[in-house]
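Enquirer: In the UniProt record's numbering, the protein residues as written are 1 to 330.
Beta carbons: idealized from backbone N, C-alpha and C, even for Gly.
On a predicted model such as this, the values are computed, not experimentally measured, just so you know.
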Amino acid sequence: MRYRSRLNLAALVTLEAAGGMLLSPPLRGDEPPDQRLGERSSPTVTGLLDPAQLRTLWEKQASEIAGGRFEVILFRYYDQSGKLLDRAEAIRRLEALDPMADEEVIEPLFDDIERLGWSKQESTLWGTRVEVAIDGQKVANVYHKPKGDDVHVYDGVDEISYLGNQASITSGRSNIALTDLAAIRTVPTWVSREQDVTVEPVNAREGILRSGRAVIRFDRATGFVKRYTEMNGGLAVREIVQIGPEGDGGASLPRIRAEIRCEGEKVRLLSIYLIEEADIDAVIEAKDFLVSVPAGTKVVDFRVMDQDRPRVVKVPIGLKDVKDYQAAVR
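#1: Within the chosen definition, does the segment 185–205 reach the segment 57–75 through at least 3 CB pairs nearer than 8 Å?
#2: Could you name the residues that DSSP lists as bridge partners for LYS83?
#3: Does the beta-carbon distance from THR170 to ARG311 come in below 9 Å?
#4: What are the boundary residues of the alpha helix (DSSP H) that SER63 is part of?
#5: Would you decide whether GLN80 is buried or exposed? Buried here means 16 or more other CB atoms lie within 10 Å of its CB.
#6: If you reduce the DSSP assignment to three classes, tell me which class LYS147 lands in.
#7: Applying the criterion that 16 or more other CB atoms from any shown protein chain within 10 Å of the CB defines a buried residue, is GLY172 buried or exposed?
#8: By alpha-carbon positions, which one of ILE240, ILE184, PHE75 and ARG255 ends up nearest to HIS144?
#9: Near ASP321, which residues of its chain fall below 8 Å by C-beta distance, leaving aside the five closest residues on each side in sequence?
#10: With a threshold of 7 Å on Cβ separation, who are the neighbours of SER192 within its own chain once the five nearest residues in sequence on each side are excluded?
#11: Taking all protein chains shown into account, do 16 or more other C-beta atoms lie within 10 angstroms of the C-beta of GLY249, making it buried, or fewer, making it exposed?
#12: I'd like to check one pair, GLU265 with ARG87: are the Cβ atoms closer than 9 Å?
#13: Just to confirm the assignment, what range does the alpha helix (DSSP H) spanning ALA214 have?
#14: Just the Cα atoms here: how many angstroms apart are GLY29 and ILE284?
#15: Relative to the C-alpha of ALA214, which residue among GLU131, VAL225 and LYS287 is closest?
#16: Distance check for VAL157 and ASP150, CA to CA, integer angstroms please.
#17: Please determine, among ASP219, LYS287, ALA258 and GLY148, the residue with the shortest C-alpha to C-alpha distance to ALA238.
#18: According to DSSP, simplified to helix, strand and coil, what is ALA295?
#19: If we ignore side chains and look at the alpha-carbon of each, how far apart do VAL313 and ASP324 end up?
#20: With a CB to CB cut of under 7 Å and the five nearest residues on each side skipped, what residues in its chain are close to GLY136?
#21: Within 10 Å of its beta-carbon, does GLN242 have 16 or more other beta-carbons around it, so buried, or fewer, so exposed?
#22: Would you kindly report the start and end of the unbroken alpha helix (DSSP H) that includes GLN326?
#23: I'd like the span of the beta strand (DSSP E) that includes ILE243, first residue to last.
#24: Rounded to the nearest angstrom, what separates LEU163 and GLY148 at their Cα positions?
#25: Mind checking LEU235: buried by the 16 CB within 10 Å criterion, or exposed?
#26: Spatial neighbours of VAL153 within its chain, please: C-beta separation below 6 Å, excluding the five flanking residues on both sides.
#27: Taking only three categories from DSSP, how would you classify LYS320?
Structure representation (structure tokens):
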């Protein structure tokens, strides 16, 4: 992964020396995450264990990155049946990844479950390169797919999608999963609003924070979140694994972030984000959130309803901003 601007080699060496680049042994998969993590506790180690310090550090880390340009490779596994992949096995494989694992290592990570019925060919987002621009709440994604680029943009007001010869415009942000800051790193700033929080050591390098909402394992030197287990009724419903922090402490990013949506002990959805390049100081302009389309594109505008149906027009000319289509068809 190539980082530009403030994320430099000296910072990486500092983090590695502090233990930030080291992976802990895989957790046993047959026990609840809070019990497994607690087994390795030691009362004699020192480091970040004060909840107030962690809250302050995580809030600082979250504020250090408001946007930038990123190049990401997305690997998304979806099992409608929710029967093929065990949660514990998925976590074991993810946590065993080397911090410098690349596309060639991640691509075959779950090849063995293809014999159970999963097919990469049916997954349109397994190994897909994504260009990402972020400015606060604004997000632009270009997914480079074999049959053409798939563009998704939220410009702060509307969400615009473009694929093939059709564009759609929706007011506000939809439930389509965009590759935004929340997708490529997890910093639990919500902890500052939690009252019932406990923190304890796991070993010399790691600590664990528990609340009714989540169990969080973190690096005690940097605060980097290595594993995040979201709980509901005592059961894990979402797991996040982050590997290989890069940066200067305040502006740290994982090299790999994986998110698992669970159904019991099975994986329903798994998304792995491999961050190949990040420029958090990039100049992001208004034009980054414009979607251009060629002449003949069909535009479906869900903001304007004609007889209870979204407005549909075909633009006679190419447009730099598809939202200007109304002027083109007058």
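Expert: Concretely, from the data shown:
#1: With three or more CB-CB distances shorter than 8 Å, the segment 185–205 counts as touching the segment 57–75.
#2: For the purposes of this step, residue 83 is identified with residue 83 of the sequence shown, where counting begins at 1. Partner(s): none; LYS83 has no beta bridge.
#3: As a working note, residue 170 is residue 170 in the sequence shown. As a working note, residue 311 is residue 311 in the sequence shown. No, Cβ-Cβ distance for THR170 and ARG311 is not below 9 Å.
#4: Walking along the sequence shown from the start, residue 63 turns up at place 63. Run containing SER63: 51–64, per the alpha helix (DSSP H) assignment.
#5: As a first step, residue 80 must be located in the sequence shown, where it is residue number 80. That one is exposed.
#6: On the sequence shown, residue 147 is found 147 positions in, with the first residue counted as 1. If DSSP states are grouped into helix, strand and coil, LYS147 belongs with coil.
#7: Here residue 172 is taken as the residue at index 172 of the sequence shown, counted from 1. GLY172 should be labelled exposed.
#8: Translated into positions along the sequence shown, residue 144 becomes position 144. With distances taken between Cα atoms, HIS144 lies closest to PHE75.
#9: Looking up residue 321 in the sequence shown gives position 321. In the same chain as ASP321, and ignoring 5 residues on each side of it, the C-beta atoms closer than 8 Å to its own belong to LEU290, VAL291 and SER292, in chain order.
#10: Position 192 of the sequence shown holds residue 192. Only ARG55 and GLU59 meet the Cβ criterion.
#11: Taking the first residue of the sequence shown as 1, we reach residue 249 at position 249. Its pLDDT being 46, under 50, GLY249 is placed unreliably in this model, and the coordinates cannot settle the point.
#12: Working through the sequence shown from its first residue, we reach residue 87 at position 87. Working through the sequence shown from its first residue, we reach residue 265 at position 265. In this structure, GLU265 lies closer than 9 Å to ARG87 by Cβ.
#13: Counting from one through the sequence shown, the residue named residue 214 turns up at place 214. Here ALA214 belongs to no alpha helix (DSSP H); instead the beta strand (DSSP E) covers 214–219.
#14: On the sequence shown, residue 29 is found 29 positions in, with the first residue counted as 1. On the sequence shown, residue 284 is found 284 positions in, with the first residue counted as 1. Unreliable placement is indicated for GLY29, whose pLDDT of 39 sits below 50; no coordinate value is reported for it.
#15: In the sequence shown, counting from the first residue as 1, residue 214 sits at position 214. Measuring from the Cα of ALA214, the nearest candidate turns out to be VAL225.
#16: The residue given as residue 150 occupies position 150 in the sequence shown. The residue given as residue 157 occupies position 157 in the sequence shown. Distance between the alpha carbons of ASP150 and VAL157 is about 20 Å.
#17: The residue you call residue 238 lines up with position 238 of the sequence shown. It should be noted that the sequence gives Arg, not Ala, for residue 238. Here the closest residue by C-alpha is ALA258.
#18: Position 295 of the sequence shown, counted from the first residue, corresponds to residue 295. Here ALA295 sits in coil by DSSP.
#19: The sequence position of residue 313 within the sequence shown is 313, counting from 1. The sequence position of residue 324 within the sequence shown is 324, counting from 1. Straight-line Cα distance between these residues: approximately 12 Å.
#20: Within the sequence shown, numbered from 1, the residue matching residue 136 stands at position 136. In the same chain as GLY136, and ignoring 5 residues on each side of it, the C-beta atoms closer than 7 Å to its own belong to ALA66 and GLY67, in chain order.
#21: Here residue 242 refers to the residue found at position 242 of the sequence shown. That one is buried.
#22: To locate residue 326, count along the sequence shown from 1; it is residue 326. Unbroken alpha helix (DSSP H) run through GLN326: 325–328.
#23: Taking the first residue of the sequence shown as 1, we reach residue 243 at position 243. Per DSSP, the unbroken beta strand (DSSP E) holding ILE243 starts and ends at 235–243.
#24: Position 163 of the sequence shown, counted from the first residue, corresponds to residue 163. Position 148 of the sequence shown, counted from the first residue, corresponds to residue 148. One C-alpha to the other measures close to 7 Å.
#25: For the purposes of this step, residue 235 is identified with residue 235 of the sequence shown, where counting begins at 1. Exposed, by the Cβ-count rule.
#26: Here residue 153 refers to the residue found at position 153 when the sequence shown is read from its first residue. Only ALA140, ILE160, PHE289 and VAL291 meet the Cβ criterion.
#27: Position 320 of the sequence shown holds residue 320. DSSP places LYS320 in coil when its eight states are reduced to three.
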